[in-house]
Amino acid sequence: MRDAVQESGQGREKPDFRHEALLYTDTDQLQASVSEFIREGLCAEESVLVAVRADTEELLRADLGAEADAVRFLELNGVGRNPARIIPMLRSWLEEQAGRRLCRGVCEPMAPDRDTSELAEYRRHESLLNLAFVGLPAWRLLCPYDVTELDHGDIASVLGDHSVVAGATNPDYRPPSPATVLAGTLPTPPRAHHQVPFDMESISSVRTLVASEASRAGLTEDGVQDLVLATHEVMVNSIDHGGGKGVLLLWRDPKGFVCEVRDSGVLPDPLAGRRKPTTKQRRGRGLWIVNQVCDLVQLRSSPATGTVVRVMVFP
């Protein structure tokens, strides 16, 4: 499935990972275009994965009929609630198919019920996809976008992250730089927040504070435990890699409870936390754990700003 068509004006082969965008305006176009993409794969005896919203899955199943039985469907609100879990899910599926079949997938990256912070992380996820499959066997991923739900900035972001749009090479595609893909800043925390410095000696008392404030904010017992675990893992990373200390901020959000850890270190790996650790791996599990237990994780890191990890757990 290696595509030897030359990229526009560059004289290079397309990358093994073909990241495609479908910009649609109504459900009829969505149904017809995605069903055609799926059928093309099935006719070529490829493995096909579809991770979309429940309403989109219903549309596709209605059009595909019995052919849907040959497709692996995943409901994205479950596996992809935290967008940092999507790349590991895709990699695991690809590993299952390794050596047996060529592959293609459909992944619906955004939904109208996402807030600004969630949409920002879905956009960052789309950029990271272009780094996550370098050197792996060739495959195709189609990402449908409802343009009626996007503003001009969103559309520009989609075009910058996808090498193929509407089946053709996209001249607006901008490959991400591993050195800068995590750069940038997060929105300023609200005035009503706690701010606590920490180091190895104080980390236990800070965990107690997180548990108390999260419980007062209405998180369930499981939610409190998840948030404490995630915050602990990020603080330990700060102590180990960020100069031995950091600062914790915590506050209530309309969707849940937020903890933010800041330190002076720089994260060198933009895909940290998005690769499933091996059973023999003793270190490097912290951000993976954080992504598994939190509903949203936002990470920014650069030499100019240090590292900021903001985690949220919903009630």
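No gaps in the numbering here: position 17 of the sequence shown is 415 in the working numbering, and each next residue is one more.
Beta carbons are placed, not taken as given, at the ideal position from N, Cα and C, and that holds for glycine.
Bear in mind the structure is a predicted one, so any value in this text is a computation, not a measurement.
Cutoff 6 angstroms; reference residue i; Cβ partners in own chain excluding five residues on either side
| i | result |
| --- | --- |
| isoleucine 637 | Met598 |
| serine 699 | Leu580, Val664, Leu665 and Thr705 |
| threonine 703 | none |
| histidine 639 | Gly663 |
| glutamate 611 | Leu648 |
| valine 563 | Ala419 |
| histidine 592 | Leu648 |
| alanine 468 | Leu440 |
Closest by C-alpha distance to residue i, when choosing among the options
| i | options | result |
| --- | --- | --- |
| tryptophan 491 | Arg470, Pro481 and Gly682 | Arg470 |
| leucine 474 | Leu462, Cys541 and Gly671 | Cys541 |
| valine 604 | Gln623, Met633 and Arg416 | Met633 |
| glycine 551 | Pro588, His639 and Leu517 | Leu517 |
| lysine 674 | Leu420, Arg483 and Leu607 | Arg483 |
| aspartate 424 | Asp549, Gly641, Thr454 and Ala590 | Thr454 |
| isoleucine 553 | Thr703, Ala419 and Pro713 | Ala419 |
| proline 588 | His417, Ala442 and Pro652 | Pro652 |
| cysteine 501 | Ala566, Ala442 and Gly641 | Ala442 |
| proline 713 | Asp620, Gly642 and Thr703 | Asp620 |
| arginine 512 | Leu529, Ala496, Gly497 and Gly478 | Gly478 |
| histidine 417 | His560, Met508, Ala496 and Leu529 | His560 |
| glycine 642 | Thr586, Ser600, Ser613 and Glu611 | Ser600 |
| methionine 508 | Thr586, Thr578 and Ser555 | Ser555 |
Own chain, CB closer than 7 angstroms to residue i, minus 5 neighbours either side, in chain order
| i | result |
| --- | --- |
| aspartate 544 | Tyr422 |
| proline 510 | Glu547 |
| proline 481 | Glu519, Tyr520 and His523 |
| aspartate 570 | Leu557 and Gly558 |
| alanine 615 | Arg650 and Phe655 |
| glutamate 494 | none |
| glycine 671 | Ala482, Leu685, Trp686, Val688 and Asn689 |
| alanine 590 | Trp649 |
Check whether residue i and residue j have beta carbons under 8 angstroms apart
| i | j | result |
| --- | --- | --- |
| leucine 539 | proline 668 | no |
| leucine 440 | glutamate 465 | yes |
| asparagine 635 | glycine 684 | yes |
| glycine 682 | aspartate 661 | no |
| leucine 462 | serine 433 | yes |
| glutamate 438 | arginine 499 | no |
| alanine 609 | valine 622 | yes |
| serine 515 | proline 574 | no |
| phenylalanine 415 | phenylalanine 531 | yes |
Whole-Å CB distance - residue i paired with residue j, under 8 angstroms assumed
| i | j | result |
| --- | --- | --- |
| leucine 665 | threonine 705 | 5 angstroms |
| glutamate 506 | arginine 451 | 6 angstroms |
| valine 707 | valine 659 | 5 angstroms |
| leucine 694 | glutamate 519 | 6 angstroms |
| isoleucine 485 | leucine 534 | Their Cβ separation, rounded to whole angstroms, is 12 angstroms, which puts isoleucine 485 and leucine 534 out of contact at 8 angstroms. |
| glutamine 427 | leucine 457 | About 11 angstroms; that fails the 8 angstroms criterion. |
| glutamine 679 | leucine 584 | Not quite, the Cβ-Cβ distance comes to about 29 angstroms (not below 8 angstroms), so this is no contact. |
| leucine 607 | proline 576 | Not quite, the Cβ-Cβ distance comes to about 35 angstroms (not below 8 angstroms), so this is no contact. |
Beta-carbon contacts of residue i that lie in its chain and below 8 angstroms, excluding the five residues immediately before and after
| i | result |
| --- | --- |
| cysteine 692 | Asn480, Asp624, Leu625, Ala628, Val709, Met710 and Val711 |
| glycine 409 | Because the pLDDT at glycine 409 is just 36, under 50, the model does not fix this residue reliably, and the value given afterwards should be weighed accordingly. Hits under 8 angstroms: none found. |
| glycine 503 | Val446, Leu447, Val448, Ala449, Leu488, Trp491, Trp537, Arg538, Leu539 and Leu540 |
| proline 701 | Val664 |
| serine 431 | Leu420, Tyr422 and Pro542 |
| alanine 496 | Pro535 |
| threonine 618 | Pro713 |
Inset, instruction - Pair every Cβ in the region 624–633 with every Cβ in the region 675–689, then say whether three or more of these pairs are closer than 8 angstroms. - result: yes
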